[in-house]
Amino acid sequence: MDVTREQHPIEKMTNDSSLIQQVKRVIHLAPLEKIFNLARGYSLWPLGFGLACCAIEGLMATNAPRFDLSRFGYEVLRSSPRQADVMLVAGTITNKMAPYVVRLYEQMPEPKWVIAMGSCAISGGPFVDSYYVVPGADKLIPVDVYVPGCSPRPDAVLHAFMMLRDKVQGKVVLENAR
Amino acid sequence: MLRTEEITLNMGPQHPSTHGVFHVVLKMDHEVITEARPICGYLHRGIEKLAEARTYTQFIPYTDRLDYLAAMLNNTGYVQAVEKLMEIEVPERAEYIRVICCELSRIASHLIAVGTYSVDIGGITGFMYCLRDRERIMDLFEMVCGSRLTLSYMRIGGVAEDLPDEFIPALCQFLDEMPSRLDEYDGLITGNEIFQARTKHVGLLDPGVAINYGISGPNLRASGVFWDLRKNRPYSVYDRFDFEVPLGKRGDCFDRFTCRIKEMRQSLKIIRQAVEQLPEGPVMAKVPKVLKPPAGDVYHEIEGAKGILGYYVVSDGSNKPYRIHVRRPSFINLGFLNELCKGWKIADVVAILGSLDIVLGEVDC
Amino acid sequence: MVENIFVGFAEWLRSLLAAAGLPALFGDIVLMIVKVAGILAFIAISVLWIVYMERKMAAYFQARIGPNRVGPRGLLQTAADMGKLISKEIIIPRAADKIVFLLMPVLIFVPSLLLFAVVPFGKNMIAVDLNVGVFYFFAVASVSTIIFWAGGWASANKYALIGAMRAVAQMISYEVPMVLAILGVIMIVGSMKMSDIINAQQNVWFIFTQPVAFIIYVIAATAETNRTPFDLLEGESEIIAGPFIEYGGMGFAMWFLAEYANLILVSVLATTLFLGGWLAPFGLTFIPSWVWFLLKIYFMIWVFMWFRWTYPRIRVDQLMNFGWKVLVPLSLANIFVTGIGMFIYRAIGW
Amino acid sequence: MFGQGLLKGLQITLQELFTKKVTVQYPEESLPLAPRFHGEFVLDVEQCIACSLCANACPNKVIEIETAKLDKKRVLTGYMMRLQYCLFCGLCVEACNKGAIRFSQKFEMAKYFRDQIPLILYKGEPPVQEEQGNTGITAGEAEGTEV
Amino acid sequence: MPGSSIPSTVIDGLKDKFPAIEVSENLTITVPEAELLSFMRELRDNPDYDFNFLTNLTAVDYPDNFTVIYNLVSFKYGYTLMAKVNLGKDEPAVSSLTSLWGSADWQEREVYDLFGIIFTGRHNLTRILLEDGFAGYPLRKDFQWVGGRE
């Protein structure tokens, strides 16, 4: 099966266009790409982007000695977007913060991923009726993993990182598409 | 003389040491700050507007999201304000459970303050130790109300559920081990000469100016002003416990830091006495299912973790509040930041901002 | 025997080439290429290992477990990091000075590699035994200051500019006490040749005869390699990542690895000058000399890591005051005392 | 003396180097959760009388209940929780006096796609005459595009 | 349910100095807008009141008027006092207290930002929480907005 940017095995499996576009954006199974994906999966450096309460659970408690994100090698918390791979949107995105979220996302070098952590990042959560809250991170940037919970537990965040690792290494998403 | 040019530097909304999305525009003459203009509002979720569309009980989970490091204190402040408005008598056991949970929340909030301050000055290890000990409090909260950070445990008229029976032994074990941990922080962070060189005589806050600018909590007591609502205007059952209020001498970053560690020791003392005097009995007063407080308004203040936390509740007799205003200590403590940072270097702005211990959920409300 | 396994290999290769009838010069060139390849392999492996060791040490100091998922017990973690960093997109900011921006990450490795020429790995296992070894060491080491500064200047970012300025201020002002501290040892040995210095430490290491110089050297070395408590350059909580804030992917990897290469070099100098290089302590010579050398290097590296995960960061002006007003006079006093000591030593006629 | 605090710091970190590590290795060992933990929701359909007390108690209108009239008795035909708006505060569990809606101990709720987040706790077709015994479908295997 | 805990003798002393104020039954003082500044200056500077701490400053949008609420605390005597000023619905304006207390600065900017009440006699009255380009004043009852719920 020859894999190019345009033609991709997933098109034979499903005709849901959003899924195809999503998979193409992230995975094209050239052999060298497979090796790089393996390396990328094992070293997803999060961008320390704490907005609200989820930042305490997602950035601080997950790196804390008890849950220890460093076991996966993801504890290199780079605050400069240039050296980060994953943008962990942890907290409520308000209208005043939205342009900065988009600018930081664009400053990150490709390939990059986004984890929307907490109800606020998924859909504005408790503040969805507010006049000043963006209802969800996917209104601004493409999101790869959604972690529901109003401040999800740190081990739920670890679970999300492992789901993202499986997605980066191309294991899970393809099986689901079938 | 060589004409030097001022540069403006954005310690922007996304910066590791602004404890969240806080933006300080620094005008600098090569590392010496000439003007520090704070810009906040990046986390303004309009909670006061949302309050007008929710009933009194439904607003309780929103108070957790204000100062998300000390959720119990926010709940207690709001709930006591509504009880004062409706003149509800809270049973004894509920009062004691509230004191225990509030003091635990205060310790958790101070642990984060101490930990992030150690990171701001550069010592990451101190941060990790504080978080390791904070996890113990998280377990206690999970036992009591099911979630770690956004607790919503208090109800108008008492508490949601009684303490589980494995709570008291776990709490006593925590009380026995915590003092040795506090000594460890003193040894690692407070005693360190480099830390002292970075924080002593930095960001001096004069008591008169502190009172004039409405600064409250550990920042005010560090300047030597004796004002702690638990002592000066005892609410709930705080008058039954004896504890000291630590005061600082110079009102610099070092005093603000050590005041927080001493306050943790005092909170442990309060919890120990509260556990000994914990009476039996109901945890919830007789409260109608649908609360309709009489029309009128009330302003009630408690001693939050960051300072004086006040709730101004206006009710028009319906089951939804007409207006709720939260007097947020972090927001008001920031009013003086500009003058406080003038003349210091970037590293000191980080130290001063960290010593004020602000939480952005509370600043932007 | 294991002791001169490398020296034996070199002799065998030389005799092989000579037997094949090639001119002696050709043999030397091939031998030198093999030595360079060996040193490059050593640097690559040890830098990857030190990054893993730093993260594990950080974790163990902080009551948690470091990387243990990637590869056996997490050993491939740094390899995964490098693999990812290689395949990242290279972003050049529009306002950046392109040529300088791209050149600096490449150049940062040059001084480090040059310095490995004079590193005495074991008994007569030194690439080039210059008779001005230590002098060469400091001359080349101070080149990296310019590279840090140019990297910060080229990325056209205010944070990078401040980081670059701090880099220049810090590294220059801590060269002086470092060199003056070394002077004490050079005075006793009388020569700057690496092997002479090591041989002079046959019976007593210089750490015992020159304790003050050792302490000054360690402090200045921490400042030289920008590690806490002097990591002003890359103060995370102040100026985020200093000069290499705009570098992503492979550019950042080069800066990151060069920092650890400098760490190895500084530990090498510490062991050579103060801990007796490849000399076996208390005569335990059944362990080969180059193993002793590695053990001592990694002990010094562990001490630098111990400092990093204990101390907070110092402020810029305190850094300068401490450097100029405390370390420089202290090292001058040390030279003075060493001078008097040597004079008395000779006068008594030992 | 000047360096005394610095040495104390070193001594503490050295002690910590040899103390037991507190890490709970998440995927293999899991942390014991408190019985009152607010995890994912579980609905006991027998108990539920579709009174929508929980839907009114919720601060953020997360619960959506569909009912059908069956000879003068209200029957539950659909129970959907929009978890993306949920606060996990437990007011609904408290409001339900039948104890139908409860918290489970499951917290791994992460999904790849946003439309899989709403939790369909019960999707029975309206029973024609008598009450079909549709057993309560816990969150795991509710049909629909659940992954 | 007392709005302010202050002995009645002190209140009577205030009443005869400022006849225009009315004291409601739960001891909250309603001050006409014209005399606000002098009343507050008296409260702060007079040694037997010594209200040196302005703890809270907020506003409420009632159907027929705006009300600005001031809460003051005297550290020396431990008194607390709640003062109110009623303003008209259109163009609400009140004199600023930043000349007396520094804590009024940010709280007045927040009230201006969310209510649109103008505070006269102060510098830098700009929005503090919302963007400068935000249209309208959110905490007014007549503010229309569309939520993000789909």
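Chains as they are written, first to last, in our numbering: chain H, 31 to 208; chain W, 235 to 599; chain G, 240 to 589; chain F, 20 to 166; chain L, 4 to 153. Just so you know, even glycine gets a beta-carbon here, dropped at the ideal spot from N, CA and C. A quick note: this is a predicted structure, and the numbers were derived from the prediction, not measured.
Beta-carbon contacts of residue i that lie in its chain and below 7 Å, excluding the five residues immediately before and after
i	result
F/Asn153	A caution first: F/Asn153 carries a pLDDT of 44, below 50, which makes its placement in the model too unreliable to give a value.
W/Phe401	Leu374, Met377 and Val378
L/Leu103	Met43, Arg44 and Arg47
F/Thr157	Confidence at F/Thr157 is low in this model, with a pLDDT of 42, below 50, so its placement is unreliable and the value that follows should be read with caution. Closer than 7 Å at Cβ, skipping near neighbours: Val61.
Under 9 Å from the C-beta of residue i: neighbouring residues of chain L
i	result
W/Glu240	Within 9 Å Cβ-Cβ: nothing; W/Glu240 doesn't reach chain L, min ~20 Å.
Option in the options with minimal Cα separation from residue i
i	options	result
H/Gly121	H/Ile86, H/Val106 and H/Arg133	H/Ile86
W/Thr492	W/Leu590, W/Asp263, W/Glu329 and W/His257	W/Leu590
F/Met99	F/Glu85, F/Leu72 and F/Lys91	F/Glu85
W/Ile601	W/Leu307, W/Thr359 and W/His344	Shown here, chain W extends from 235 to 599; a query on residue 601 of chain W therefore has no answer.
W/Ile536	W/Thr350, W/Pro295, W/Leu284 and W/Gln314	W/Gln314
F/Gln44	H/Phe97, H/Phe157 and H/Val53	H/Phe97
W/Leu512	W/Asp582, W/Leu277 and W/Phe475	W/Phe475
W/Ala519	W/Asp550, W/Ala394, W/Thr359 and W/Ile558	W/Ala394
L/Asp19	L/Gly124, L/Asp48 and L/Phe42	L/Phe42
G/Ile365	G/Trp517, G/Gly588, G/Leu523 and G/Pro568	G/Trp517
G/Leu566	G/Asn307, G/Asn363, G/Met431 and G/Ala460	G/Ala460
G/Gly322	G/Ala334, G/Tyr299 and G/Leu287	G/Leu287
Contact check, residue i vs residue j, beta carbons under 8 Å
i	j	result
W/Tyr312	W/Thr291	no
G/Ile540	G/Leu422	no
F/Arg55	W/Gly380	yes
W/Arg327	W/Glu510	no
G/Ala399	G/Gly391	yes
G/Ile437	G/Gly372	no
W/Leu463	W/Ile580	no
W/Ile566	L/Ser106	yes
L/Ala23	L/Glu38	yes
W/Gly246	W/Leu277	no
Contacts that residue i makes with chain H (C-beta to C-beta distance below 8 Å)
i	result
L/Ala112	Residue identity check: residue 112 of chain L is Arg in the sequence provided, not Ala. Neighbours of L/Arg112 on chain H: none; closest Cβ ~15 Å, over 8 Å.
Chain H contact residues for residue i, given Cβ-Cβ distances below 7 Å
i	result
W/Pro250	Gly78 and Ser109
F/Ile136	Ile152, Tyr176 and Pro178
W/His534	Within 7 Å Cβ-Cβ: nothing; W/His534 doesn't reach chain H, min ~24 Å.
Own chain partners of residue i with C-beta closer than 6 Å, once the 5 adjacent residues on each side are dropped
i	result
G/Ala389	Val339 and Met343
L/Tyr52	Leu46
G/Asn465	Leu472
G/Ala180	Because chain G here runs from 240 to 589, residue 180 of chain G falls outside it and cannot be looked at.
F/Ala161	Note on F/Ala161: pLDDT 40, under 50, position unreliable in the model; the coordinate value appears next. The residues are Ile139.
Listed by chain order, chain G residues near residue i by CB distance under 7 Å
i	result
F/Leu29	Trp545 and Thr549
F/Lys40	Ala302, Arg303 and Ile304
Proximal chain L residues relative to residue i, where beta-carbon distance stays under 8 Å
i	result
H/Leu126	It is worth fixing the name first, because residue 126 of chain H is Lys in this sequence and not Leu. Neighbours of H/Lys126 on chain L, chain order: Leu133 and Glu134.
Cross-chain neighbours of residue i in chain F, by beta carbon under 7 Å
i	result
G/Ala283	Ordered by position in chain F, no residue passes the 7 Å Cβ test against G/Ala283, which lies about 28 Å from the chain.
G/Tyr299	Leu36
W/Leu422	Gly28 and Ile31
Per-residue contacts from residue i into chain F (C-beta, under 8 Å)
i	result
H/Lys197	Tyr131
Within chain W, partners of residue i - CB distance below 7 Å
i	result
L/Leu142	Glu282 and Lys283
Close Cβ partners of residue i (< 8 Å) along its chain, the five nearest in sequence each way excluded
i	result
G/Val407	Thr384, Phe387 and Trp388
G/Ile427	Ala439, Phe445, Thr448, Gln449, Thr577 and Met581
F/Gln151	For F/Gln151, the predicted structure reports a pLDDT of 44, less than 50, and the residue's modelled location is therefore unreliable. A value from the coordinates is still provided. Only Gly143 meet the Cβ criterion.
Residues that residue i contacts on chain H, provided the C-beta gap is smaller than 9 Å
i	result
G/Asn370	The premise fails here: G/Asn370 is roughly 43 Å from chain H at the closest Cβ pair, so nothing lies under 9 Å.
G/Gly488	Arg112, Gln113 and Pro139
Chain G residues whose Cβ lies nearer than 8 Å to that of residue i
i	result
W/Cys243	Inspection of the sequence shows that residue 243 of chain W is occupied by Leu rather than by Cys. Result: Lys397, Tyr398 and Ile401.
Exercise for review: Closer than 7 Å, Cβ to Cβ, to anything on chain F: give me those residues from the segment 129–158 of chain H, in chain order.
Suggested key: Residues Ser149, Ile152, Ser153, Gly155, Pro156 and Val158.
Review point. When Cβ atoms are compared, which residues of the segment 90–119 of chain H fall closer than 9 Å to chain L?
Key: Nothing from the segment 90–119 of chain H brings a Cβ to less than 9 Å from some Cβ of chain L.
Point to revise | Contacting positions in the segment 155–183 of chain H - beta carbon closer than 9 Å to chain A | key: In the displayed structure, chain A is absent; the protein chains listed are H, W, G, F and L.
Review point. Using a beta-carbon distance cut-off of less than 9 Å, what residues from the segment 33–56 of chain L approach chain W?
Key: If the cut-off is 9 Å between Cβ atoms, the segment 33–56 of chain L has Asn55 and Phe56 near chain W.
Exercise for review: Determine which residues of the segment 373–404 of chain W have a Cβ less than 8 Å from any Cβ of chain F, and write them out in chain order.
Suggested key: Sequence-ordered contacts of the segment 373–404 of chain W with chain F read Asp373, Glu376, Met377, Val378, Cys379, Gly380, Ser381, Thr384, Ser386, Ala394, Glu395 and Pro398 [C-beta pairs closer than 8 Å].
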